[in-house]
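So that you can map any letter, position 106 of the sequence shown is 106 in full-length UniProt numbering, and since no number is skipped, the others follow by simple counting.
Built from N, CA and C at the ideal position, the CB exists for glycine as well.
Note that the structure is a prediction, hence the values are computed from the model and not measured.
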Amino acid sequence: MRIGLIAIDGCFGSAIASIIDIVRVADGARGDVDPRIDPIELAILGPKRRVTTTASMTLSVDHPLSESGEFDVVVVPALGTLTAAATNDALQSRDARSVIASLGRLDEATTRIAAACTGVFAVAETGRMHHRRATTSWFLGPEFLKRYPTVALDLDTMVVVDGNLVTAGAAFAHIDLALSLVRSIRPDLAQHVAKLLIIDERPSQAAFVAYEHLRHEDPIVVEFERFVRARLDEPFNVAFVAQSLGTSRRTLERRVRAALNLTPLGFVQRLRIERARHLSATTDLTSAEIALRVGYANAETLRSLLRRERRRS
């Protein structure tokens, strides 16, 4: 496999380094797993001969962007931004526009595109994600949905594969992205690399999502979250909650879906699971006591939801 890793000035140094290290470890260890595994080549692609990352790491570019089509996979790492405004500005830079243009010229039949964090925005700019599943940094989800409303965004899953598009979550999900690429070569090779580098499996972003970080996106969603967080031990009725907030059920469902890509009930279930996990880790309460505190009559209902969440992620 030939992997082309795109780098532009200001991209996340940790993202670049983690992908390089994992791919090179995989190439070095493939003989230990199966000598028949073909070599894995990684090269840096970029709009100029040298680029500097956020960590002041300077990289020599091996190939210009015009040669991206010669690789089996082209990887787009994070742009080095942490806010919606900064990401939107970065997408307008000359280097980013060059990357977007080169991605748009790739032949989907011969080259896969992989991206993580804000790099997913650059891929979405090409229009290739229209009506396809993807993920990105959870805290930029609302901006992503606003900018690319036709993308089926999944903010829970760490790595989403949809055909020849592979996307991953926030900055350190580059590790998961790199392992996913190795796994596409041989699952046992990816497992071996994970053991060598002591990489724990993190299939979901859900454990890291601080939903309150997203509350400012919509005042109705702000009030909805405050209302249900204060009543997680009570039965949930979306019509009653909407009436209590002075809005209609339809409006509440629409606004929660737009802000969080979840139904109101789905969001409440996530909050209950979040609270249950916190109580389990920080108290000596029994499973039955925790279930009652998060609105379930018995512990088996809660355990069933937790199992379903693990399978879904």
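Task: Distance, K195 Cα to E212 Cα - done: The residue you call residue 212 lines up with position 212 of the sequence shown. The residue you call residue 195 lines up with position 195 of the sequence shown. Confidence in E212 is poor, its pLDDT being 48 and thus under 50, which makes the residue's placement too unreliable to answer from.
Task: At least 3 beta-carbon pairs within less than 8 Å: the region 157-169 vs the region 129-139 - done: yes
TODO: Report yes or no: do the region 38-46 and the region 1-14 share at least 3 C-beta pairs separated by less than 8 Å?
DONE: yes
Task: Segment contact, 8 Å Cβ cut-off, at least three pairs: the region 76-84 with the region 23-35 - done: No, the region 76-84 does not touch the region 23-35.
- [ ] Buried or exposed for G127, please, with buried defined as at least 16 other CB atoms from any protein chain shown within 10 angstroms of its CB.
- [x] Position 127 of the sequence shown, counting from 1, holds the residue named residue 127. Burial check for G127: the Cβ neighbour count within 10 Å stays below 16, so the residue is exposed.
Open item on the list: Measuring only the C-alpha atoms, how far is Y296 from P264?
Closed with: Walking along the sequence shown from the start, residue 296 turns up at place 296. Walking along the sequence shown from the start, residue 264 turns up at place 264. Cα atoms of Y296 and P264: separation of roughly 17 Å, rounded to the nearest angstrom.
Task: Buried versus exposed, by CB contacts within 10 Å (16 or more), S102 - done: The residue you call residue 102 lines up with position 102 of the sequence shown. It is buried - the Cβ of S102 has at least 16 other Cβ atoms within 10 Å.
Task: Top-ranked residue by Cα proximity to R1, from I37, E223, I19 - done: For this step, residue 1 is matched to residue 1 along the sequence shown. According to the sequence provided, residue 1 is Met. The question's Arg does not apply to it. Nearest neighbour of M1 by Cα position, chosen from I37, E223, I19, turns out to be I37.
Task: Close beta carbons around S66, own chain, < 8 Å, minus the five adjacent residues each side - done: The sequence position of residue 66 within the sequence shown is 66, counting from 1. S102.
Task: Length of the line joining the Cα atoms of E253 and D72 - done: For this step, residue 253 is matched to residue 253 along the sequence shown. For this step, residue 72 is matched to residue 72 along the sequence shown. Roughly 42 Å separates the two Cα atoms.
TODO: Spatial neighbours of I199 within its chain, please: CB distance less than 7 Å, with the 5 preceding and 5 following residues excluded, ordered by chain position.
DONE: Counted from its first residue, the sequence shown places residue 199 at position 199. Same-chain partners within the cutoff: I175, L179.
Task: C-alpha distance - D21 paired with T58, whole-angstrom precision - done: Residue mapping note: residue 21 aligns to position 21 of the sequence shown, counting from 1. Residue mapping note: residue 58 aligns to position 58 of the sequence shown, counting from 1. The straight-line gap from Cα to Cα measures roughly 16 Å.
Open item on the list: For E289 and G169, what's the separation of their Cα atoms in angstroms?
Closed with: The residue given as residue 289 occupies position 289 in the sequence shown. The residue given as residue 169 occupies position 169 in the sequence shown. Each residue's alpha carbon lies about 34 Å from the other.
Open item on the list: Using C-beta distances below 7 Å, list every residue in its chain close to A210, excluding the 5 sequence neighbours before and after it, in chain order.
Closed with: Taking the sequence shown and counting its residues from 1, one reaches residue 210 at position 210. Because A210 sits at a pLDDT of 48, beneath the cut-off of 50, its placement in the model cannot be relied upon, and the following sentence gives the value as read from the coordinates. Excluding residues within five positions, none has a Cβ falling inside 7 Å.
- [ ] Compute the beta-carbon to beta-carbon distance between F12 and A78, rounded to the nearest angstrom, for a pair I have assumed lies under 8 Å.
- [x] Here residue 12 refers to the residue found at position 12 of the sequence shown. Here residue 78 refers to the residue found at position 78 of the sequence shown. F12 to A78, Cβ: 4 Å. Contact.
Open item on the list: Measuring straight from C-alpha to C-alpha, what distance separates R219 and G10?
Closed with: Sequence index remark: in the sequence shown, residue 219 carries index 219 (1-based). Sequence index remark: in the sequence shown, residue 10 carries index 10 (1-based). Correcting the residue type first, residue 219 is Pro in the shown sequence and not Arg. Looking at the two C-alpha atoms, the distance is approximately 34 Å.
Task: Three-way DSSP call (helix, strand, coil) for L45 in this model - done: The residue labelled residue 45 in the question sits at position 45 within the sequence shown. Collapsing the DSSP output to three states places L45 in a strand.
TODO: Starting from the C-beta of L305, find all residues in its chain whose C-beta is less than 7 Å away, skip the five residues before and the five after it, and write them out in chain order.
DONE: Position 305 of the sequence shown holds residue 305. Taken in chain order, the residues that qualify are Q269, I273.
Task: Contact set for V61: own chain, Cβ-Cβ below 6 Å, skip 5 residues either direction - done: Stepping through the sequence shown from its first residue, residue 61 is reached at position 61. Residues I44, G46, R49 of the same chain have their beta carbon placed closer than 6 Å to that of V61, with the five preceding and five following residues left out of the count.
Open item on the list: For H131, which residues in the same chain have their Cβ closer than 6 Å to its Cβ, ignoring the five residues on either side in sequence?
Closed with: Here the question's residue 131 lines up with position 131 in the sequence shown. Closer than 6 Å at Cβ, skipping near neighbours: T150.
Task: Burial state of P235, where buried means 16 or more other Cβ atoms lie within 10 Å - done: Taking the first residue of the sequence shown as 1, we reach residue 235 at position 235. The residue is exposed, with fewer than 16 neighbouring Cβ atoms inside 10 Å.
Open item on the list: Using only the alpha-carbon positions, how far apart do L177 and I19 sit?
Closed with: Taking the sequence shown and counting its residues from 1, one reaches residue 177 at position 177. Taking the sequence shown and counting its residues from 1, one reaches residue 19 at position 19. For L177 and I19, the distance between alpha carbons rounds to 8 Å.
TODO: Report the rounded CA-to-CA distance for V25 versus V193, giving the unit in angstroms.
DONE: Stepping through the sequence shown from its first residue, residue 25 is reached at position 25. Stepping through the sequence shown from its first residue, residue 193 is reached at position 193. Roughly 7 Å between the two C-alpha positions.
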